[in-house]
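Protein chains in written order, with the working numbering: chain A, 3 to 326; chain B, 142 to 443.
No residue lacks a Cβ here, since even glycine has one placed at the ideal position from N, Cα and C.
Read through the structure below, which is laid out as structure tokens, and then see the notes.
This is the structure in structure tokens:
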């Protein structure tokens, strides 16, 4: 791999005269420059991944995180304990439901929003900045804003509902004077899904926008000259051309929602009575708060199959788009 | 015809019906729908931040009275909450910790990423691109899968409860992402410049130092910005690794310091969040297009 075809004769002479300098050989310099990054990734991503699997079969705790020998392995005990726990089964179900429902809405809304932001209008830059806020701000702080927005007593949404006579004694959502967004199972689930949509919508939108802006002008011109109207162009020209990039956007937002810990943790701490618990929060409560690293690892491992499937989907997409 | 996508291209036939516009909403109805949808989405996105900013300057008396209109100042706005946050809480420590961690992560990332990306683009032949994609996929290995084993690793190294645990671990997401990002930059640097430098007698390393790095400065700056913002975004690892307030960063610190038992210092809490969130958003927003270019996996050309 060291002799690309462009080498000019003069250069070749120079290169041969320096052949003994190892650093001038691509086959030496290349791996050498790659080494720090690869070693780091192997040590702090690759090794921990293996460790996660080992932990799941062991009895490690926060107090004693070291696997010292064979007697630290406990076989399938952790998985048995995890499965026998109703909270785990709830978490698994919630993770899947929250992800699928929120991403269903994200795909639809992102398509609408991308069409809007690809148009020209006054205040577009401001609109773009605002619309992107949920993705550009640190997630924990954004969710904290929602937490306060959905406060059990001082929620301004509740105030609005009261003013509109929808909340309070003798009204639609009455008789209480508050909704208790995060205190009732259905509303709390709704809130978690809503915040997931809020958070991933900007990401999906900007990916779609990048796709929209890459549709060649001559295709748009041709559609215009043929007299195709807005809807015809949308369904017969733009959406079909957008499909690959839509797949990319979907895979990314799937990963981020499926593995998210922050939204459920900050918003509801998994409550009420574990009804919004997801795999990652349950792994956190068991593994870190409860100190049982082994069970935490076993719970988190259930994220892995879906992640592998998504990664394979991405590899296929990346390969298809490679210049051949 | 180099018509930009936003300006109406001259060669359109003049007698096209108005709805022939490509979704630019040429009719009054179209414009109205466009504005309504744009405003609705903006409001939805900005709502929690707007509520944050309103809260910051409210007095207790105003805020904690459920009959008050929460969106206006029933009492005159006050700076007392900012004063409390800045002078009577650990916020300054959190900010300092955040900056230390972020800068250290930036340095580690740049040192690892610049040679790696160069090597993958220039020195690794065909498998360089494939390896690049693989490294990018590492970015998708979520903290929620790694935080438990990494807690063990961090404890084993004696770094638990120290901000250096974050410096150790954060490059797990900055290095993969930034390598991928920088590969895009190096691909666009013309070969001939290095060639010429090498013909002029520089070694390969010398040529990289003198020609490639200066040209790639915008790319390296992007790497700096992203390792910085991604560090500020991180929550899971710091939550798992650090329990003592003196070592916490902002995103975790505000939750412990400003929530005492059941007592929430809401205004100070919101100020703490907004003071970090808004600047990060502006920084991120400015560089977002480059970030997305990395996310599209080459599925978008242009």
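Report yes if the C-beta distance between residue i and residue j is below 8 Å; otherwise report no.
i                      : j                      : result
residue 435 of chain B : residue 327 of chain B : no
residue 382 of chain B : residue 271 of chain B : no
residue 307 of chain A : residue 290 of chain B : no
residue 163 of chain A : residue 149 of chain A : no
residue 415 of chain B : residue 225 of chain B : no
residue 251 of chain A : residue 209 of chain A : yes
residue 97 of chain A  : residue 190 of chain A : no
residue 305 of chain A : residue 286 of chain B : yes
residue 214 of chain A : residue 120 of chain A : yes
residue 302 of chain A : residue 285 of chain A : yes
residue 259 of chain A : residue 60 of chain A  : no
residue 245 of chain B : residue 308 of chain B : yes
residue 377 of chain B : residue 353 of chain B : no
residue 291 of chain A : residue 80 of chain A  : no
residue 276 of chain B : residue 320 of chain B : yes
residue 390 of chain B : residue 235 of chain B : yes
Under a three-way DSSP split, which group does residue i fall into?
i                      : result
residue 68 of chain A  : coil
residue 378 of chain B : helix
residue 195 of chain B : helix
residue 277 of chain B : helix
residue 288 of chain B : helix
residue 304 of chain A : helix
residue 75 of chain A  : strand
residue 329 of chain B : coil
residue 265 of chain B : coil
residue 120 of chain A : helix
residue 60 of chain A  : strand
residue 340 of chain A : No answer is possible for residue 340 of chain A: the residues shown for chain A start at 3 and end at 326.
residue 2 of chain A   : Past the boundaries of the shown model lies residue 2 of chain A; chain A is included only from 3 to 326, so the question cannot be answered.
residue 242 of chain A : helix
residue 291 of chain A : helix
residue 385 of chain B : coil
residue 343 of chain B : coil
residue 447 of chain B : Here chain B comprises residues numbered 142 to 443, so residue 447 of chain B is not present and cannot be evaluated.
residue 297 of chain B : helix
residue 96 of chain A  : helix
residue 203 of chain B : helix
residue 114 of chain A : helix
residue 27 of chain A  : coil
residue 142 of chain B : A caution first: residue 142 of chain B carries a pLDDT of 36, below 50, which makes its placement in the model unreliable, though a value can still be read off. Residue 142 of chain B falls in the coil class under three-state DSSP.
residue 201 of chain A : helix
Applying the 10 Å Cβ sphere with the 16-neighbour rule, what's the burial state of residue i?
i                      : result
residue 224 of chain A : exposed
residue 388 of chain B : buried
residue 32 of chain A  : buried
residue 189 of chain B : buried
residue 64 of chain A  : buried
residue 57 of chain A  : buried
residue 106 of chain A : exposed
residue 375 of chain B : buried
residue 181 of chain B : exposed
residue 203 of chain B : buried
residue 199 of chain B : buried
residue 157 of chain A : buried
residue 124 of chain A : exposed
residue 335 of chain B : buried
residue 206 of chain A : buried
residue 333 of chain B : exposed
residue 154 of chain A : exposed
Where the segment 396-408 of chain B meets chain A: residues whose CB sits under 7 Å from a CB there: Contact residues of the segment 396-408 of chain B toward chain A are 407 (C-beta to C-beta distance below 7 Å).
Select from the segment 420-438 of chain B all residues with a C-beta closer than 9 Å to any C-beta belonging to chain A, and list them in chain order. Within the segment 420-438 of chain B, the residues whose Cβ lies closer than 9 Å to some Cβ of chain A are 421, 422, 423, 424, 425, 426, 429, 430, 432, 433, 434, 436, 437 and 438, listed in chain order.
Going residue by residue through the segment 391-415 of chain B, where are the continuous alpha helix (DSSP H) segments of at least 4 residues, counting only ones entirely within it? Those alpha helix (DSSP H) runs which fall completely within the segment 391-415 of chain B and span 4+ residues are 391-398.
Within 9 Å of chain B by C-beta, residues of the segment 259-272 of chain A in sequence order: The residues in question are 260, 261, 262, 263, 264, 267 and 268.
For the segment 285-298 of chain B, which residues have a CB atom closer than 7 Å to at least one CB atom of chain A, in sequence order? Contacts with chain A (Cβ-Cβ distance below 7 Å) from the segment 285-298 of chain B involve 285, 286, 287, 289, 290, 291, 292, 293, 294, 296 and 297, listed in chain order.
Residues of the segment 165-195 of chain A in Cβ contact with chain B at a cutoff of 9 Å, in chain order, please. Taken in chain order, the members of the segment 165-195 of chain A whose beta-carbon sits within less than 9 Å of a beta-carbon on chain B are 165, 179 and 180.
With 8 Å as the C-beta to C-beta threshold (strictly closer), list the residues of the segment 308-321 of chain B near chain A in chain order. Cβ contacts with chain A come from 309, 310, 312, 313, 316, 317 and 320.
At a CB distance below 7 Å, what residues from the segment 348-378 of chain B approach chain A? Give them in sequence order. From the segment 348-378 of chain B, only 373, 374, 376 and 377 have a Cβ closer than 7 Å to chain A.
Taking a cut of 8 Å between CB atoms, which residues from the segment 57-91 of chain A lie near chain B? Using a CB distance below 8 Å, the part of the segment 57-91 of chain A facing chain B consists of 57, 62, 64, 67 and 68, ordered along the chain.
Kindly provide the ranges of any beta strand (DSSP E) runs that are 3 or more residues long and lie completely inside the segment 125-192 of chain A, ordered along the chain. Secondary structure within the segment 125-192 of chain A: not one fully enclosed beta strand (DSSP E) run of 3 or more consecutive residues is present.
Entirely enclosed alpha helix (DSSP H) segments - the segment 218-247 of chain B, minimum 4 residues: Runs found: 221-229.
At a Cβ cut of 8 Å, what residues of the segment 223-255 of chain B count as close to chain A, listed as they run along the chain? Contact residues of the segment 223-255 of chain B toward chain A are 252, 253 and 254 (C-beta to C-beta distance below 8 Å).
Using a Cβ-Cβ cut-off of less than 8 Å, give me the residues of the segment 332-349 of chain B that come near chain A, in sequence order. Against chain A - using a Cβ distance shorter than 8 Å - the residues of the segment 332-349 of chain B are 332, 336, 339, 340, 342, 344, 345 and 346.
Residues in the segment 188-200 of chain B having any Cβ partner in chain A nearer than 8 Å: For the segment 188-200 of chain B, the beta-carbon criterion of a distance under 8 Å to any beta-carbon of chain A is satisfied by 188, 189, 190, 192, 193 and 196.
Which of the residues in the segment 116-141 of chain A, read from start to end, lie with their CB under 9 Å from any CB of chain B? Those residues of the segment 116-141 of chain A that come within reach of chain B (Cβ to Cβ, closer than 9 Å) are 117, 118, 119, 120, 121, 122, 123, 124, 125, 126, 128, 129, 130, 131, 132, 133, 134, 135, 136, 137, 138, 139, 140 and 141.
Along the segment 23-46 of chain A, where does the CB come closer than 7 Å to a CB of chain B? Name the residues. Residues of the segment 23-46 of chain A with a Cβ closer than 7 Å to any Cβ of chain B, in chain order: 23, 25, 26, 28, 31, 32, 35, 36, 38, 39, 42, 43 and 46.
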